[in-house]
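Okay, so here's the structure we're looking at.
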Amino acid sequence: MLKRFFLVFLTSIIFTEGRALALQPQSYRILVVDSYPSSMQWSHDYTEQFRSALSDRDIWVRYFPYQRMDSRKARLSLSQNQLLEETLFYYQFDLIVTLGAEALHSVNKLTHLGNVTTPVIATGANLNAYIGLGAQNLAGLSEDLNLAPLLSSIKQLHPNLGTVHLVVNDSLQLKNMSTRFLDISRSLNIETDIFIDEPDSNLLQWLDSLTDNDVILLAADNISARLQSVKDQSYSIWQQQLDYPVYSLWEYPLGNGALASYRQPAGPFAFETAKLVRRLIDGESISQFGIKNSRTQQLVFDENQLSRFGLNKADLPQNSILLNSGNRQQIPVLFFILISLALASAAVLLILRVSPKRIELRGIKQQQALNSKLAASSKIQRLVVDQELLIDSIENNLGTGLPLSPRTRTNTYLSFASDNSQRCVELISKALLRCEPNVNQQLLLYFNNQSNSEQSSVVVTISKLEPAEEGRYLIEAISVGRLAQEYQQLLRSEKRYRSLFERSPWPLLAVNRLGVVRSSNQAAADFFTYKSPEQLNLSQLNGFYRNTEDRIELKRLLQNTQTDSTFITREVQYQIAKQSHLVKESINFVAEQNLFHVVIEDITDIRAQQSEIEFYAYFDELTQLYNRGYFERYFKHLETNADAHTEFALVLVDLDQFKTINDSFGHHAGNTVLTLVAKLLKKLTPKNCQLARIGGDEFAILWPESSEEQLLSFVEQIIQSISHEQIVFDANIVEISCSIGISRCLKELGSFQLAMAQAQSASALAKKHGGRRYQFFEQSNQSFLKQQGQSQWVARIQAALRENRFVLYAQQIVPLDPNRQHALHYEVLVRLIDESGQVIAPGAFMEAAENYRLMESLDRMIVNKTLLWLEENPAHLARLSNCSINLSGQSLSNPEFVDWLLEVLEQSKLPLSKLCFETTETVAISNLDLATQLFDRLRNLGCKVALDDFGSGLSSFAYFKKLPIDYLKIDGIFIRDLAHDTQDEAIVRSINQLAQVTGKETVAEFVENEAIAIKLREIGVTFAQGYHFSKPAPLEMLVIQ
């Protein structure tokens, strides 16, 4: 018998501590996290039926009881969460199943921290409050508690109903339920109150405050335990002496004082969950499952409580279920307390037969044991204090539990056969007297009921609790039959572990403290160029390291590591077959084996790719210099770490006539020049300076704090060195020169964009003065001031675009012929609303937008706003004849913008014949081919095209006939003085005559008075636009007009 006990004892150690298989493959691993109270029968039924439904599948289920902790147990709550995280991390489960909202909430928190990526199947009541938008790896079954039938029943059963008091805790789930409770109660005209059960709330005081005809509705699943723990037993639900009817949304209090509650059968939930698990095992994605709501609850009433409060069963809703309908007499629990010796005997016998799972002692495991009330005083006769606690001890389904912490075990073992419960009590009492265990020790007793099968064989463990619980013991019962089943399952899993270990694509090693490889898989043998793992085994891991530092670090790690919590990941270099490999080593110490498990990942190619990506991200491929992105980051780093008054200079080298070289000799010639200049600059630039190519023909140098004399000497040397270079292309000698702009930068004054803008302004001025020179940016220079003002507008324009602070205005275009019907025709304009709410005309910011290439962004915004506004105002659209939208030269010359515009128009539901796009003559002529193609495509869609500012160019008439347009807008410089200037009149007449001959209509801009309008009518101009007829106004005003 003693030999048999040792076998059971060793088996229990293997099962609970089984981390020796950490590197070996195993069955489909499932973690069940249960946050329901430890004595809820629902959890027990669910788990058993869940196992049963999957009995034909190769699975391994681990059970984790998760307790909801109040604020006074913050440290214990943190330990519990850490324990859950470590369990998930160590066992690498394939699936997590949660029971209850708190369990789901705890797993969700780990998921949001990035610590858990395992699929989750959630079950329980009202889970939707915990399921966020990011729950892409989650599915499950949510029991949607239906409050309406229960509240209706309460109102029906209690004609003189007072206030219904909803008791909740501070969980997210119950906060959501409180809102639904208030809404439904309001619709039923029920007076309500909500009591939030918190650690500091005075439960007795609240109960004393209730009045006649009040009703209590328990929503918090832990309130029953709170009521039971109240010292004044007159308030105990379990004593059934409360003066108020108690209803519950949970089945936990049913049969213990609650008048009615919901009961959700565990079976359907378990089998539905098992179906989802099968689909996962078969390869389906959990993202396809979703969350299903279930309303299969049964409303159960306790007939004893109905009689107690004089309620009529005829008033119960249909399909209700009655509990205790046989008029069975309930025996007060106090009766069992008074017969403590007999109860203790029955308790021990019941523990032996039901085989409750093991309860742990340390950390959160001790708290779980205390809360489940499986504790006894030093006198064995008070092992269980009342019947409810006895039921708790049996129904406390803690699963297989977490591994026991290492303990010193006594050498006292008692083996005997017993079929008499009183004899069991006597023997346990004698064992305590003969050999009382110390803290962290265990007294092990082996029981075997000879009259029954081996399944009734039980090992009883008695442990003394921590010093704070002086004189109290924890009694555990371990079923031998269950251990044998689990051990067989473990053996099957071990075979699969070994198969996965050997077939793993990752190199895996087990190394002892001397660095000797004790075991390995085939992938490791291939990696280290051995034919088989047997040849690799007994090799020294240190022999593969390339660097001495890595060998020293491994030796220190192997000799100093003592605990399982050690997990190290590091990057090292291996030398294998004369080739260097950069690898990532993940080293985990397993104390039970006294071995280090090493997972190797070869990242040589990955690092090479990263280096290549980094090169292209920060380097200019042509010149091998840093690019603008890196230079800007370096500038900001220097600016951030410099002292407040540190001064440095930004030197911008801009090649003269570089575009001419490209256009005359081709891009190959331009690339040759850039490469030559880059080599010269790299040679001349001191090591403490940063050099980069930041644009097509621009190079930048960040010059640190030093004397101006040294800076000028450096700049002059650059100009002279570049000017001395000559390159021959196609038998032509090409001279190279540069202009240099210098911006003095202070940490306290501005940013990279400002410094670059100042340097570019200075280099542009140097070019303007003939090139081959340098120019400092001077704040007082008028041309610099103008450019600086424009650079400030850039940030304001960008902010206005982001914040949608541009508004559309319109100026009407009217027909000059009085006999022609006046149709709605206008040009869309734009205004900026500044930070103070003032309306800014485009003259203040348009030049800056053009110089800093923001026009395309503005054009996109105007087109989008205009089309959207027209779609939203169909009545206005019906009156509209023509809406004219301006396009800038930057937009027209950009193929991406052109493609975008045409796509937007093709997808628009607007009548495109009512749209007109106009651009200036200068823009059209400078981009003649592109303009011609765009105008043709716009007209093919039905749009009209106008040529703005016609006549301002020197060669307007030469290009006029090549452009497919509908309107000519005569430049305002010929209109302002038209009434008294004969030359302007002659030009306007010729333009108008040309338009008439070619079938186009004319529009005169800047018509300021009636005298000009009369002269335009006389000439025969078709339309007029100007302040004489209408001023620009918000587009919305046209709807009012």
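Okay, so the sequence shown: first residue is 1 according to the UniProt record's numbering, each after it adds one.
Note that the Cβ used here is the ideal one computed from N, Cα and C, for glycine as well.
How would you write the range of the alpha helix (DSSP H) that residue i sits in, first residue to last?
i, result
"GLN522", "522-527"
"ALA219", "Careful: ALA219 lies outside any alpha helix (DSSP H) and carries neither H nor E."
"residue 1049", "The question about residue 1049 has no answer, for the chain in this structure spans 1 to 1041."
"THR192", "No alpha helix (DSSP H) contains THR192, which is instead part of the beta strand (DSSP E) from 191-196."
"TRP869", "855-872"
"PHE658", "658-665"
"ILE925", "921-926"
"GLN726", "It is not in any alpha helix (DSSP H) - GLN726 instead sits in the beta strand (DSSP E) that spans 726-729."
Using a Cβ-Cβ cut-off of 7 Å (strictly less than) and excluding sequence neighbours within five positions of residue i, which residues of its own chain qualify?
i, result
"TYR618", "TYR626, ASN627, GLY629, TYR630"
"ALA823", "SER881"
"PHE335", "The predicted model places PHE335 with a pLDDT of 34, which falls under 50 and marks its position as unreliable; any figure quoted below should be read in that light. No residues qualify anywhere along the chain."
"LEU711", "ALA649, TRP703"
If you reduce the DSSP assignment to three classes, tell me which class residue i lands in.
i, result
"SER990", "helix"
"PHE501", "helix"
"THR998", "coil"
"ASN886", "strand"
"VAL1007", "coil"
"ASP948", "strand"
"residue 1042", "With the chain covering 1 to 1041 only, the question about residue 1042 has no answer from this structure."
"ARG802", "helix"
"TYR530", "coil"
"LYS969", "strand"
"PRO895", "helix"
"TYR630", "helix"
"ASP981", "coil"
"ASN688", "coil"
"THR623", "coil"
"ARG773", "coil"
"GLN233", "With a pLDDT of only 42 at GLN233, under the threshold of 50, the placement of this residue in the model should not be trusted; the figure read from the coordinates follows. Helix at GLN233."
"ASP929", "helix"
Take the Cβ of residue i as the centre, count every other Cβ of all protein chains shown within 10 Å, and call the residue buried at 16 or more, exposed below.
i, result
"TYR1027", "exposed"
"ALA649", "buried"
"LYS1015", "buried"
"PHE567", "exposed"
"PHE309", "exposed"
"HIS637", "exposed"
"LYS611", "In the sequence as presented, Lys is not what sits at residue 611; that position holds Ser. So SER611 counts as exposed."
"LEU311", "buried"
"TRP793", "buried"
"PRO686", "exposed"
"LEU99", "buried"
"ASN804", "exposed"
"VAL33", "buried"
Sorted by chain position, which residues of the same chain lie with C-beta nearer than 6 Å to residue i's C-beta, five sequence neighbours on each side aside?
i, result
"ASP58", "SER27"
"ARG1017", "LEU816"
"GLN758", "SER743, PHE777"
"PHE596", "VAL511, ILE587, PHE589"
"ALA1011", "ALA979"
"GLU191", "THR163"
"TYR852", "VAL794"
Where does the unbroken beta strand (DSSP E) through residue i begin, and where does it stop?
i, result
"PHE752", "Taken as a continuous stretch (DSSP letters only), PHE752 belongs to no beta strand (DSSP E), being part of the alpha helix (DSSP H) at 752-768."
"ARG976", "That residue, ARG976, is in no beta strand (DSSP E); it is neither H nor E in DSSP."
"TRP60", "59-65"
"PHE1029", "Here PHE1029 belongs to no beta strand (DSSP E), and DSSP marks it neither H nor E."
"VAL97", "95-99"
Residues in its own chain within less than 8 Å of residue i by CB, not counting five upstream and five downstream?
i, result
"LEU910", "LEU867, LEU870, GLU871, LEU877"
"ARG772", "ASP656, ILE719, SER723, SER737, CYS738, SER739"
"THR87", "LEU31, ARG62, PHE64, LEU402"
"PRO317", "PRO149, SER152, SER153, GLN156, LEU299"
"residue 1086", "An answer regarding residue 1086 cannot be provided, because it is not within the stretch 1 to 1041 covered by the chain."
| Residue ranges of each beta strand (DSSP E) within the segment 542-598, 3 or longer | DSSP assignment within the segment 542-598 yields the following whole beta strand (DSSP E) runs of 3 residues or more, N-terminal first: 567-576, 579-590.
| Which whole runs of the beta strand (DSSP E) in the segment 258-297 are 3 residues long or more, in chain order? | Complete beta strand (DSSP E) runs here, min 3: 260-263, 291-294.
| Residue ranges of each beta strand (DSSP E) run of no fewer than 3 residues wholly in the segment 147-172, ordered along the chain? | Whole beta strand (DSSP E) segments, 3+ residues: 163-168.
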